[in-house]
Amino acid sequence: RQSYDGLEKRLKEVFSERSSILHQLSKTSKELDSIKGNLKSLRNDDSVAKKDVQRILELSHKQREEMKSLQAALQKQLDEANERAEKQQAAIKFLKVEMEKKTKIIKDLQQEHQKKKNPFSMIFPLVALKCIYIYMMMMT
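The numbering of the sequence shown is our numbering, which starts it at -17 and goes up by one.
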């Protein structure tokens, strides 16, 4: 009977240890499942982060291309504006020269008209030159 009681007691202890071990295994299994979930979540987060970084890089590349395109368009507009300005400057210079020519022609015509109005205007310079010549001859 004692050996039966001893076996029964020992069996209860074994079952108790077994129950404790199963409980610990269950707890460990839950912790492992939790860790698995966390790892999966981290992988997903990592995957999402990689996708976000990839999207950002693509947007950055696209924006860079758009900026290059915009810069080229602005440079073209600037070149065209410079070309127009140069043409306008050339036109202004040409018109200025033409205006000066016309002004000289007008002055010449006015002087000629004055001379025709006063025929003696041509004689006076000649007489003055002759007087100067005579004066210089007398001085020598």
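Every residue gets a Cβ at the ideal spot worked out from N, C-alpha and C, and that includes glycine.
(request) State the Cα-Cα distance for the pair Leu14 and Lys50, rounded to the nearest angstrom. (result) Position 32 of the sequence shown, counted from the first residue, corresponds to residue 14. Position 68 of the sequence shown, counted from the first residue, corresponds to residue 50. Spanning the two alpha carbons is a distance of roughly 53 Å.
(message) Rounded to the nearest angstrom, what separates Cys113 and Met121 at their Cα positions?
(response) Position 131 of the sequence shown, counted from the start, is the residue given in the question as residue 113. Position 139 of the sequence shown, counted from the start, is the residue given in the question as residue 121. Near 12 Å, if we compare the C-alpha coordinates of Met121 and Cys113.
(request) Give me the Cα-Cα distance between Ile74 and Gln57, rounded to the nearest whole angstrom. (result) Within the sequence shown, numbered from 1, the residue matching residue 74 stands at position 92. Within the sequence shown, numbered from 1, the residue matching residue 57 stands at position 75. When rounded, the distance between both Cα atoms is 25 Å.
(request) Alpha carbon to alpha carbon, how far is Ala55 from Glu48? Give it in angstroms, no decimals. (result) Stepping through the sequence shown from its first residue, residue 48 is reached at position 66. Stepping through the sequence shown from its first residue, residue 55 is reached at position 73. Between Glu48 and Ala55, the C-alpha separation is close to 10 Å.
(message) I need the straight-line Cα distance from Ser8 to Ser16, nearest angstrom please.
(response) By one-based count along the sequence shown, residue 8 stands at place 26. By one-based count along the sequence shown, residue 16 stands at place 34. So the two alpha carbons sit approximately 12 Å from each other.
(request) Would you kindly work out how many angstroms separate the C-alpha atoms of His5 and Lys(-6), rounded to a whole number? (result) In the sequence shown, residue 5 corresponds to position 23, counting from 1. In the sequence shown, residue -6 corresponds to position 12, counting from 1. Using only the alpha carbons, I get a separation of about 16 Å.
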